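In the numbering used here, the protein residues as written are -3 to 387.
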Ligand SMILES: [Zn+2]
């Protein structure tokens, strides 16, 4: 049953400050945190050090305890807690601090406010949600609110590559009874996320003089014929739909082969990825594809980059709590959905739902933006979820 806001909660929602939200997000954008993709963070733009210190300073001033965990050299999680007054359920607002690169993006690291939007690298993916979490903390402090359960804010590292921050957090804690990740879901409730597995396909031919191709085996042409089989494989995947996520997909991302136009190439290498549904494994997906393709002189190696899929257990209270919070906040679509991209969700060791401002259409683009009004709505949903969770 939907419950109206308590007087205390209604007062908190009224305090949401759009100007402060925009300013916080601009400051987060101006603390660069580009993911170094497996390398050691180098220079002023890479790594999560600056954003984790920013979160610690802001939350520390509001009376939260905040630990910085250097889970691997140069890479950080920021873990903040507002202790509950009794044994209410605990809730974690989690968000990755890292962004993708800034190459080719003019003024990527300047937070620009224009026409009700904030622009800049990370604006929607996903510093907007971090700004919303800070807004929740500001309001709770200003209103001297004590929740009965612990409220946690976790800024994590490395979501854009190997999710090492979330994995470290899942391994060592702190844990919460439920986690919300504010990835850009366009203010929809996402209760499942796809996983990812990336593979190399190696096609071997036989080199010969380009004038007599009949004496050799062209590895590029063999690869092209083989890749035609990927379309049939996709059609088979399309018939197996997850209720929230739809079908798994396969994408050929890189092809590389041959050396000269007058040589029949002996090698062709392909990199492809397969989006995984909950319950699928990288090795199982590989075996399925191998069985579906025409036999030949090719091989597919084990997945060299993987992200696990995730789904919230059916009927979990977090889904209903978030739905009520969204409905009370006038979110237009309160039905459950799936998040098509991969995320940290599988690694927290706690039940997770995704809900956040911004759209994947702008994430990773050369003009990332988020609507300030959507940030205000997300903040209202987060506030209501915190109150409803804590009971
Ligand atoms: Zn993201």
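Glycine residues also receive a C-beta, built at the ideal position from the N, C-alpha and C atoms.
Computed from a prediction, not measured in an experiment: that's the story for all the values here.
Own chain residues within Cβ distance below 7 Å of residue i, not counting five before or after
i, result
"residue 259", "203 and 206"
"residue 123", "21, 24 and 25"
"residue 348", "175, 177, 306, 308 and 341"
"residue -3", "Its pLDDT being 49, under 50, residue -3 is placed unreliably in this model, and the value from its coordinates should be taken loosely. Excluding residues within five positions, none has a Cβ falling inside 7 Å."
"residue 66", "72"
"residue 38", "32"
"residue 385", "85, 87, 145, 174 and 317"
"residue 329", "184"
"residue 226", "246 and 248"
"residue 7", "139"
Residue from the options whose Cα sits closest to the Cα of residue i
i, options, result
"residue 342", "75, 163 and 35", "163"
"residue 28", "44, 38, 34 and 17", "44"
"residue 355", "113, 67, 35 and 33", "113"
"residue 11", "255, 165, 57 and 133", "133"
"residue 47", "382, 71, 360 and 36", "71"
"residue 111", "15, 7, 92 and 282", "15"
"residue 344", "169, 215, 94 and 186", "169"
"residue 374", "353, 310, 361 and 357", "353"
"residue 377", "277, 187, 227 and 125", "125"
"residue 82", "131, 381, 5 and 142", "142"
"residue 255", "231, 270, 215 and 222", "215"
"residue 34", "321, 154 and 234", "154"
"residue 62", "80, 150, 106 and 6", "150"
"residue 285", "97, 98, 246 and 138", "246"
"residue 267", "40, 276, 223 and 196", "196"
"residue 139", "386, 244 and 5", "5"
"residue 51", "64, 278, 224 and 104", "64"
"residue 102", "227, 116 and 94", "116"
"residue 338", "253, 381, 282 and 272", "272"
"residue 223", "261, 211, 296 and 100", "296"
"residue 96", "118, 106 and 76", "118"
"residue 194", "100, 278 and 231", "278"
"residue 49", "152, 131, 107 and 7", "152"
"residue 165", "327, 76 and 326", "76"
"residue 287", "232, 7 and 131", "232"
Between the CA atoms of residue j and residue i - distance to the nearest angstrom
i, j, result
"residue 229", "residue 236", "11 Å"
"residue 158", "residue 74", "17 Å"
"residue 383", "residue 250", "48 Å"
"residue 78", "residue 299", "40 Å"
"residue 242", "residue 336", "9 Å"
"residue 248", "residue 219", "12 Å"
"residue 364", "residue 161", "23 Å"
"residue 186", "residue 274", "14 Å"
"residue 55", "residue 198", "50 Å"
"residue 280", "residue 156", "24 Å"
"residue 136", "residue 60", "11 Å"
"residue 192", "residue 234", "17 Å"
"residue 313", "residue 167", "24 Å"
"residue 209", "residue 264", "16 Å"
"residue 13", "residue 127", "11 Å"
"residue 0", "residue 324", "7 Å"
"residue 57", "residue 93", "20 Å"
"residue 282", "residue 105", "39 Å"
"residue 321", "residue 380", "5 Å"
"residue 40", "residue 98", "12 Å"
"residue 270", "residue 80", "42 Å"
"residue 107", "residue 366", "11 Å"
"residue 362", "residue 30", "14 Å"
"residue 311", "residue 301", "31 Å"
Spatial neighbours of residue i in its chain, beta-carbon cut-off 6 Å, leaving aside the 5 residues before and after
i, result
"residue 213", "201 and 202"
"residue 359", "120, 121 and 180"
"residue 109", "18"
"residue 357", "none"
Close Cβ partners of residue i (< 8 Å) along its chain, the five nearest in sequence each way excluded
i, result
"residue 69", "36"
"residue 240", "186, 187, 188, 307, 332, 333 and 334"
"residue 129", "89, 91, 149, 178 and 378"
"residue 276", "191, 244 and 305"
"residue 261", "201, 203, 214, 215, 216, 253, 254 and 255"
"residue 2", "383"
"residue 387", "84, 85, 144 and 145"
Residue i: CB within 6 Å of a non-hydrogen atom of ligand 2
i, result
"residue 122", "This structure lacks ligand 2; its bound ligands are ligand 1."
Chain B contact for residue i (CB, 7 Å cutoff)
i, result
"residue 149", "Included in the structure is just one protein chain, with no chain B present."
Quick check on the DSSP output: what are the complete alpha helix (DSSP H) runs of length 4 or more inside the stretch 223 to 296, in order along the chain?
At a cut-off of 4 residues, the continuous stretches assigned as alpha helix (DSSP H) that sit fully inside the stretch 223 to 296 are 278 to 288.
Which full runs of the beta strand (DSSP E) of 3+ residues lie inside the stretch 124 to 167, going along the chain?
Counting only runs of 3 or more, we get 147 to 152.
At a cut of 8 Å, does the stretch 173 to 188 reach the stretch 77 to 87 through at least three beta carbon pairs?
With the cut-off at 8 Å, the stretch 173 to 188 and the stretch 77 to 87 touch.
When the Cβ atoms of the stretch 353 to 370 are set against those of the stretch 303 to 317, are three or more pairs found closer than 8 Å?
Result no; under three Cβ-Cβ pairs closer than 8 Å.
List, from N- to C-terminal side, the beta strand (DSSP E) runs of 3 residues or more that fit wholly inside the stretch 21 to 77.
DSSP runs (the beta strand (DSSP E)) wholly in the stretch 21 to 77: 61 to 68.
Would you check if there are 3 or more beta carbon pairs closer than 8 Å linking the stretch 348 to 364 to the stretch 315 to 322?
Verdict: yes, contact present.
Are the stretch 143 to 150 and the stretch 87 to 106 in contact at 8 Å, needing three or more beta carbon pairs?
Pairwise C-beta distances place the stretch 143 to 150 in contact with the stretch 87 to 106, as three or more of them are shorter than 8 Å.
Touch test, the stretch 287 to 302 against the stretch 181 to 188, Cβ-Cβ under 8 Å, three pairs minimum
By the Cβ test, the stretch 287 to 302 is not in contact with the stretch 181 to 188, since fewer than three Cβ pairs between them sit closer than 8 Å.
Curious, which full-length beta strand (DSSP E) runs of at least 3 residues does the stretch 297 to 322 contain?
With a minimum length of 3 residues, the continuous beta strand (DSSP E) runs that stay inside the stretch 297 to 322 are 301 to 303.
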